[in-house]
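Colleague:
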Amino acid sequence: MAWDFSTEPEFQEKLDWAATFVREEVEPIDLVWPAPMNYQPLTPERRKIVEPLKQAVRDQGLWAAHLGPELGGKGYGQLKLALLNEILGRSSWAPVIFGTQAPDTGNAEIIAHFGTPEQKRRYLEPLLAGEIFSCYSMTEPQAGADPAQFTTRAVRDGDHWVINGWKFFSSNARWAEFLIVMAVTNPEAGPYRGMSMFLLPRDTPGVEIVRNVGLMFEPAEDGSHALIHYDNVRVPADSLLGEEGGAFAVAQTRLGGGRVHHAMRTVGLAQRALDMLCERALSRQTKGSALADKQKVQEYVADSYAQLRQFRLFVLNVAWQIDQYNDYRRVRKDIAAIKALTPAVLHDIVQRAIQVHGALGVSNELPLAHMWVTAPVLGLADGPTEVHKVTVAREVLKGYRPSESLWPSEHIPTRLAEAKAKLELEVGSL
Ligand SMILES: Cc1cc2nc3c(=O)[nH]c(=O)nc-3n(C[C@H](O)[C@H](O)[C@H](O)COP(=O)(O)OP(=O)(O)OC[C@H]3O[C@@H](n4cnc5c(N)ncnc54)[C@H](O)[C@@H]3O)c2cc1C
């Protein structure tokens with residue numbers, strides 16, 4: 001019977017190595033050079049520390065573990081990757097040091113699928129080597145969740161395209177070597193066939209970063225999410241990534257795996273919050289006993305533990321399904337479901353951990369405030385929770401039909417009458 005929750009011993013050894021390595025070698029870097037410094041090009045000082053760590057990851061065969069062998073990875077598949085991401089999710093630098101950071105993983109995936117040989121040589125190779133960062137520029141100031149409202153326009157002019165428009169929340173644009181930009185190329189064809197993807201160097205004339213928007217509590221004007229004005233940006237015809245009109249197919253390629261990666265990194269982050277909750281519950285005394293002895297706090301521990309175990313198993317099952325079917329569309333419902341659960345699970349557990357820490361919990365002396373802000377961020381990045389729930393509901397409802405009569409099919413009087421009729425036929429009067 002194939003129903004197995006164990007990890008093969010050789011890979012478990014690698015996971016154990018990664019857990020110790022992240023805790024002992026990477027987490028100190030999180031403290032000295034906090035996010036978003038993990039996305040900045042390395043200074044000579046940081047390179048001296050970070051490069052040997054990346055090399056140690058390579059030596060373990062864990063570098064860029066999301067990639068298949070054709071791109072220089074080991075082809076571990078989504079399930080093993082998920083177990084690794086759980087470890088990496090505890091630290092902001094760990095994904096960069098293991099070569100699996102968003103949005104670069106998704107961007108690499110689409111260049112690998114749709115890029116020309118020249119695009120692969122110029123952008124994919126250094127991206128996979130961890131030498132450069134990239135940016136995905138799709139959301140616009142007036143529209144995010146509804147791509148039908150995107151207006152950034154690319155017009156063909158001889159052997160060039162000219163791009164005009166505005167993009168919002170283009171993460172890491174300020175540090176990216178190149179941008180992947182979605183633009184309308186044929187307004188007549190409608191949103192699903194009328195948009196195309198372009199790949200261009202960030203320093204192309206006309207690419208103007210107007211502001212670098214920060215997340216809550218980040219200093220003004222020093223964030224990582226750019227408002228970009230594409231002002232008559234002229235790029236050669238071969239800047240097209242994929243087919244003309246094929247932007248949606250390209251966009252879908254990058255999102256399926258990325259959502260599982262986010263979800264499993266969140267498991268690791270939420271586990272860290274739960275660890276903090278438990279330690280504090282055992283350490284703090286009030287009214288004659290430890291917080292851990294109070295029933296309400298025990299409820300926090302139990303609810304958090306159960307919620308996290310449930311979520312972890314669900315995410316691992318989704319990763320397993322992707323490995324089994326090798327078809328993201330077939331797993332679409334469950335990918336959307338874990339995407340919708342991700343912010344809620346993190347929010348609930350971090351909220352309880354904050355509460356149990358009292359004033360210290362809301363201070364800037366613990367990582368909890370940062371984790372707490374991450375929850376609403378995860379409810380928006382890669383699409384709002386509501387939209388993913390719509391996908392789940394639509395997919396679930398495909399498995400049902402309306403009742404054929406006035407009463408629901410579980411209506412007891414109707415079923416009883418049917419049951420009596422059936423049994424009377426078999427045993428006589430009832
Ligand atoms: C940290 C972070 C990083 C990001 N990085 C990038 C990036 O690198 N590149 C990029 O292009 N974008 C990026 N985004 C943008 C992200 O993709 C959008 O925020 C997201 O798609 C939602 O778009 P919006 O913000 O315009 O919200 P809107 O589309 O205006 O939606 C606002 C709210 O309206 C409701 N809503 C919207 N649609 C529906 C619906 N169909 N049914 C019910 N309710 C609905 C929801 O409550 C939703 O939260 C990032 C966002 C965040 C927070």
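Anchor point for the sequence shown: position 418 equals 418 in UniProt numbering, and the numbering is continuous, going up by one each time. Note that CB positions come from ideal geometry on N, CA and C, so glycine has one too. All values derive from a computational prediction rather than experimental measurement.
Mind listing, in chain order, the continuous alpha helix (DSSP H) runs of no fewer than 4 residues lying wholly within the region 33-61?
Modeller: 44-59
Colleague: In angstroms with no decimal places, state the Cα-to-Cα distance between Met197 and Cys278.
Modeller: 47 angstroms
Colleague: When burial is assigned at 16 or more other CB atoms within 10 Å of the CB, is Lys80 buried or exposed?
Modeller: Around the beta carbon of Lys80, a 10 Å sphere encloses 16 or more other beta carbons of the protein chains shown; the residue is thus reported as buried.
Colleague: Is Pro103 a contact residue of ligand 1, with contact defined as CB to any heavy atom under 8 angstroms?
Modeller: yes
Colleague: Could you tell me if Ala183 is buried or exposed, where buried requires 16 or more neighbouring beta carbons within 10 angstroms of its beta carbon?
Modeller: buried
Colleague: Rounded to whole angstroms, what is the Cα-Cα separation between Lys339 and Ala102?
Modeller: When rounded, the distance between both Cα atoms is 15 angstroms.
Colleague: Is the separation between the beta-carbon of Val267 and that of Arg202 shorter than 9 angstroms?
Modeller: no
Colleague: Closer than 6 angstroms by C-beta to His113: which residues in its own chain qualify, once you throw out the five before and the five after it? Chain order, please.
Modeller: Thr253
Colleague: Val362 and Ala369: beta carbons closer than 9 angstroms?
Modeller: Yes, Cβ-Cβ distance for Val362 and Ala369 is below 9 angstroms.
Colleague: Ala381: beta carbon under 8 angstroms from a heavy atom of ligand 1?
Modeller: yes
Colleague: Could you spell out the range, first to last residue, of the beta strand (DSSP E) harbouring Trp166?
Modeller: 160-171
Colleague: Where are the alpha helix (DSSP H) runs, 4 residues long or more, that stay fully inside the region 334-407, in chain order?
Modeller: 359-362, 368-378, 385-397
Colleague: When the distance is taken between beta carbons, is Leu83 closer than 9 angstroms to Leu316?
Modeller: yes
Colleague: Counting C-beta neighbours from all protein chains within 10 Å, is the total for Tyr325 16 or more, i.e. buried, or is it exposed?
Modeller: exposed
Colleague: Which value, in whole angstroms, describes the spacing of the CA atoms of residue 485 and Asp222?
Modeller: With the chain represented from 1 up to 430, any question about residue 485 goes unanswered, as that position is not in the structure.
Colleague: Within its chain, find whatever has a CB closer than 7 angstroms to the CB of Ala76; leave out the 5 residues flanking it on each side and keep chain order.
Modeller: The residue asked about is misnamed: residue 76 is Tyr in this sequence, not Ala. Once the five neighbours on either side are set aside, the close Cβ partners of Tyr76 are Ala65.
Colleague: With distances taken from CA atoms, which of Ala148, Glu118, Ile180 is nearest Val207?
Modeller: The alpha carbon of Val207 has as its nearest neighbour, out of Ala148, Glu118, Ile180, the alpha carbon of Ile180.
Colleague: Tyr300 lies in the beta strand (DSSP E); which residues open and close that run?
Modeller: No beta strand (DSSP E) contains Tyr300, which is instead part of the alpha helix (DSSP H) from 295-325.
Colleague: Using only the alpha-carbon positions, how far apart do Gly246 and Gly190 sit?
Modeller: 12 angstroms
Colleague: At a cut-off of 8 angstroms, is Pro384 close to ligand 1 when judged by its beta-carbon and the heavy atoms of the ligand?
Modeller: It does: the Cβ of Pro384 is within 8 angstroms (strictly closer) of some heavy atom of ligand 1.
Colleague: Can you list, in chain order, the residues of its chain whose CB lies under 7 angstroms from that of Phe133, leaving out five sequence neighbours each side?
Modeller: Within the same chain, Phe133 has close Cβ partners Tyr39, Asp104, Asn172, Trp175, Ala176, Glu177.
Colleague: In chain order, which continuous runs of the beta strand (DSSP E) of length 3 or greater are located wholly inside the region 95-162?
Modeller: 133-137, 153-157
Colleague: If you draw a straight line from the C-alpha of Leu255 to the C-alpha of Lys296, how long is it?
Modeller: 39 angstroms
Colleague: Based on the DSSP output, what are the partners of His411 in its beta bridges?
Modeller: For His411, which the question treats as bridged, DSSP gives no partner whatsoever.
Colleague: Within a Cβ cutoff of 8 angstroms, which residues of the same chain sit near Ala237, ignoring the five residues on either side of it in sequence?
Modeller: Arg156, Asp159, His160, Trp161
Colleague: Report the three-state DSSP secondary structure of Met195 (helix, strand or coil).
Modeller: strand
Colleague: May I ask you to report which of helix, strand or coil DSSP gives Met216?
Modeller: coil
Colleague: Does the contact criterion of 3 or more C-beta pairs under 8 angstroms hold for the region 94-101 versus the region 50-59?
Modeller: Judged by Cβ distances under 8 angstroms, the region 94-101 makes contact with the region 50-59, as three or more pairs qualify.
Colleague: Spatial neighbours of His388 within its chain, please: CB distance less than 6 angstroms, with the 5 preceding and 5 following residues excluded, ordered by chain position.
Modeller: Ala336, Lys339, Ala340
Colleague: Could you check the C-alpha separation between Arg47 and Ala273 for me, to the nearest Å?
Modeller: 30 angstroms
Colleague: May I ask which residues mark the beginning and end of the beta strand (DSSP E) holding Glu177?
Modeller: 176-184
Colleague: Among all the DSSP beta bridges, which residues are the ones paired with Tyr230?
Modeller: Gly165, Val207
Colleague: Can you grab the Cα-Cα spacing for the pair Pro424 / Ser405, in whole Å?
Modeller: One detail in the question is off: residue 424 reads as Glu in this sequence, not Pro. Roughly 23 angstroms between the two C-alpha positions.
Colleague: Quick one: does the C-beta of His66 sit closer than 8 angstroms to a heavy atom of ligand 1?
Modeller: Between ligand 1 and the CB of His66, the shortest heavy atom gap is not smaller than 8 angstroms.
Colleague: On the criterion of 16 or more Cβ atoms from any shown chain inside 10 Å, does Pro367 qualify as buried, or is it exposed?
Modeller: buried
Colleague: Quick check on Lys167: buried or exposed, where buried means 16 or more other Cβ atoms within 10 Å of its Cβ?
Modeller: buried
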